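Notes follow once the structure below has been shown.
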Amino acid sequence: MATASASFKSQEDHRKQLELEEARKAGLAPAEVDEDGKEINPHIPQYMSSAPWNLNAERPSLKHQRKLKSDPNYTKACAIPPFTTKYYSNAMLDYELVSCCGAMTHDKKSCMERPWKVGAKWTNMHIAPDEKVETFELDYDGKCDRWNGYDPSTYARVIEQYEAREEARRKYLKEQQLKKLEEKNNKQNGEDAVSDEDDEEDELKVDEAKVDESKQMDFAKVEKRVRTTGGGSTGTVRNLRIREHTAKCLLNLDVNSAQYDPKTCSMRENPLPDADPNEKFYGETSLPRSKYEEDVYINNHTSVWGSWWRDHQWGYKCCKQTIRNSYCTGSAGIEAAEAAAELMKANMARKEATEEKPVQHEEKRLATWGTDVPDDLVLDKNLLAEALKKEDERKKEERDERKRKYNAKWNDEVTPEEMEAYRMKKIHHDDPMKDFLH
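Numbering of the sequence shown is given in the UniProt record's numbering, commencing with residue 1 and proceeding in unit increments.
Have a look at this one:
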């Protein structure tokens with residue numbers, strides 16, 4: 001039950017404590033009594049009956065759950081009578097403070113008076129009274145209480161200030177209205193028409209303070225910002241479903257009625273199909289409405305925009321046009337569109353037929369590069385012998401780079417004879433007879 005502080009108990013003591021609590025709950029044992037002699041309800045949970053550690057409670061009690069009374073020791077007066085009118089020479093001997101107000105209860109640094117050119121010590125005039133300095137030994141909660149010592153009756157001054165300000169505002173607005181009425185009566189008939197328009201514009205720009213209090217109390221007509229977890233949405237309170245409205249799933253309790261989806265909180269069908277369609281049983285904003293104008297035919301169209309779909313574009317079904325501001329051409333427009341489409345297809349087919357075929361590029365002489373050698377290739381013996389001789393010279397130059405000369409006349413064209421000589425002199429490392437070729 002309510003314990004003063006957490007204490008370690010043996011297993012036997014803990015068992016006895018549990019048995020005692022069960023007996024108190026069953027009414028077999030008397031309830032626990034606090035320090036004031038009041039019984040503690042045994043059914044109160046421990047987290048509510050246990051006092052915080054900072055209260056240092058020695059006995060079980062529920063005082064920490066009750067409202068604390070204000071401390072009556074605070075003095076409302078800020079000065080101690082009798083008030084002195086003469087400076088005493090022994091005042092504030094330890095502080096150099098009397099240069100300002102002459103009080104003996106605070107120093108120069110803490111003085112709230114403005115710095116005087118000649119202090120009260122020398123003028124002996126306007127000696128400030130001594131303040132009452134109170135000292136209290138407060139507990140942990142008392143030190144952390146920001147409203148400790150606050151007098152709620154002082155808030156009446158704030159209320160009086162607001163009421164006086166409101167009264168002055170109403171008086172000023174009434175004077176302005178009377179002034180406008182006098183100016184309106186003094187003007188001529190021709191000028192009155194112009195002034196009426198100006199007055200109407202002024203009435204539209206009425207300050208919020210001019211609104212009657214009875215209208216302000218009508219919360220059902222005041223626009224507010226409705227905040228939800230998914231984001232805010234502007235609307236009026238009267239359009240929102242209030243708690244007095246009947247849930248949609250309870251409008252028709254028939255088992256075979258419309259299905260209610262609890263996940264989306266919506267009805268699959270109308271729960272009251274036989275009801276009057278003019279009756280707004282869902283409220284003003286519950287019925288699904290389109291953001292576009294419905295059943296409005298413009299530009300001589302006989303169908304609404306969006307009644308036709310083709311090639312990822314919306315259009316009109318009556319003339320099959322995809323331009324929203326177009327004028328309806330009826331069946332003639334449909335025929336013209338189909339003829340234009342057929343003509344476009346014919347032109348595209350004609351263009352494909354008359355297109356010139358790309359010129360076939362001549363095949364490269366693959367035999368020159370040794371990739372593909374035709375069977376009917378004829379080589380010149382003299383040119384082949386000369387090519388073999390040049391290939392031997394080239395290999396000799398590769399062996400000794402120091403004797404290699406600068407060749408300014410280099411021809412990058414490869415003849416079939418040179419390719420054949422290179423193929424004949426080439427060393428095939430995988431050939432087992434490579435050592436007998438040369």
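Every residue, glycine too, gets a C-beta built ideally from N, C-alpha and C. Values in this document were obtained by computation on a predicted structure and should not be read as measured data.
Whole angstroms is fine: what's the gap from residue i's alpha carbon to residue j's?
{"i": "N252", "j": "E160", "result": "55 Å"}
{"i": "A258", "j": "C265", "result": "13 Å"}
{"i": "A247", "j": "E294", "result": "29 Å"}
{"i": "Y297", "j": "K171", "result": "55 Å"}
{"i": "Y162", "j": "E183", "result": "32 Å"}
{"i": "Y155", "j": "A164", "result": "14 Å"}
{"i": "K320", "j": "G333", "result": "8 Å"}
{"i": "A421", "j": "H429", "result": "18 Å"}
{"i": "K205", "j": "H64", "result": "Reliability fails at K205, whose pLDDT of 46 lies under 50, so the model's placement of it is uncertain and no value is given."}
{"i": "R169", "j": "K180", "result": "17 Å"}
{"i": "W305", "j": "I323", "result": "9 Å"}
{"i": "C328", "j": "V255", "result": "49 Å"}
{"i": "M348", "j": "E342", "result": "10 Å"}
{"i": "P107", "j": "Q176", "result": "Correcting the residue identity first, residue 107 is Asp in this sequence and not Pro. Taking the straight line joining both Cα atoms gives about 53 Å."}
{"i": "R394", "j": "K426", "result": "12 Å"}
{"i": "A337", "j": "E269", "result": "41 Å"}
{"i": "C111", "j": "G119", "result": "12 Å"}
{"i": "T29", "j": "E19", "result": "Looking at the sequence shown, residue 29 is not Thr but Ala. Each residue's Cα considered, the two are about 10 Å apart."}
{"i": "E352", "j": "K345", "result": "11 Å"}
{"i": "W147", "j": "M48", "result": "24 Å"}
{"i": "Q11", "j": "Y140", "result": "34 Å"}
{"i": "S303", "j": "N185", "result": "56 Å"}
{"i": "P129", "j": "A103", "result": "6 Å"}
{"i": "A26", "j": "H43", "result": "10 Å"}
{"i": "L272", "j": "D261", "result": "16 Å"}
{"i": "residue 463", "j": "R350", "result": "The chain is shown only over 1 to 438; residue 463 falls outside these bounds and no answer can be derived."}
{"i": "W308", "j": "S326", "result": "14 Å"}
{"i": "residue 440", "j": "V158", "result": "Outside the shown range of the chain, which is 1 to 438, sits residue 440, and nothing can be said about it."}
{"i": "K396", "j": "K390", "result": "10 Å"}
{"i": "K224", "j": "G315", "result": "Model confidence at K224 stands at a pLDDT of 43, short of 50, so the residue's coordinates are unreliable and nothing is read from them."}
{"i": "P52", "j": "K38", "result": "20 Å"}
{"i": "D13", "j": "P45", "result": "20 Å"}
For the alpha helix (DSSP H) containing residue i, list its first residue and its last residue.
{"i": "W122", "result": "A120 to T123"}
{"i": "R268", "result": "Careful: R268 lies outside any alpha helix (DSSP H) and carries neither H nor E."}
{"i": "I159", "result": "Y155 to N186"}
{"i": "R66", "result": "Careful: R66 lies outside any alpha helix (DSSP H) and carries neither H nor E."}
{"i": "K25", "result": "Q11 to A26"}
{"i": "Q46", "result": "Q46 to S49"}
{"i": "P416", "result": "P416 to K425"}
{"i": "L251", "result": "Here L251 belongs to no alpha helix (DSSP H), and DSSP marks it neither H nor E."}
{"i": "N148", "result": "Here N148 belongs to no alpha helix (DSSP H), and DSSP marks it neither H nor E."}
What is the DSSP secondary structure of residue i, counted as helix, strand or coil?
{"i": "G315", "result": "strand"}
{"i": "K109", "result": "coil"}
{"i": "Y260", "result": "strand"}
{"i": "W308", "result": "strand"}
{"i": "E131", "result": "strand"}
{"i": "I323", "result": "coil"}
{"i": "D298", "result": "In the sequence under discussion, the amino acid at residue 298 is Ile, which differs from the Asp named in the question. I298 falls in the coil class under three-state DSSP."}
{"i": "E293", "result": "coil"}
{"i": "D39", "result": "Inspection of the sequence shows that residue 39 is occupied by Glu rather than by Asp. Residue state, collapsed to three classes: strand."}
{"i": "A220", "result": "Its pLDDT being 41, under 50, A220 is placed unreliably by the model, and the measurement read from it follows with that caveat. DSSP places A220 in helix when its eight states are reduced to three."}
{"i": "E355", "result": "coil"}
{"i": "E413", "result": "coil"}
{"i": "V211", "result": "In this prediction, V211 scores a pLDDT of 46, lower than 50, which makes its location untrustworthy; no coordinate-derived value is stated."}
{"i": "E32", "result": "strand"}
{"i": "A340", "result": "helix"}
{"i": "W53", "result": "helix"}
{"i": "A332", "result": "helix"}
{"i": "E58", "result": "coil"}
{"i": "L204", "result": "Only weak support is given to the placement of L204: the predicted model assigns it a pLDDT of 43, under 50, and the value that follows is read from those uncertain coordinates. Residue state, collapsed to three classes: helix."}
{"i": "A103", "result": "coil"}
{"i": "E137", "result": "coil"}
{"i": "L383", "result": "helix"}
{"i": "D431", "result": "coil"}
{"i": "F436", "result": "helix"}
{"i": "K389", "result": "helix"}
{"i": "A346", "result": "helix"}
{"i": "R394", "result": "helix"}
For my contact list, residue i and residue j are in at a C-beta cut-off of 8 Å; report their separation, rounded to the angstrom.
{"i": "L388", "j": "M424", "result": "7 Å"}
{"i": "T105", "j": "E131", "result": "5 Å"}
{"i": "W116", "j": "C100", "result": "6 Å"}
Does the beta carbon of residue i come closer than 9 Å to any beta carbon on chain C?
{"i": "A421", "result": "Annotation note: the requested chain C is absent from the structure, which comprises a single protein chain."}
TODO: Report yes or no: do the stretch 374-392 and the stretch 413-432 share at least 3 C-beta pairs separated by less than 8 Å?
DONE: yes
- [ ] Determine contact between the stretch 60-67 and the stretch 28-39, defined as no fewer than three beta-carbon pairs at a distance below 8 Å.
- [x] yes
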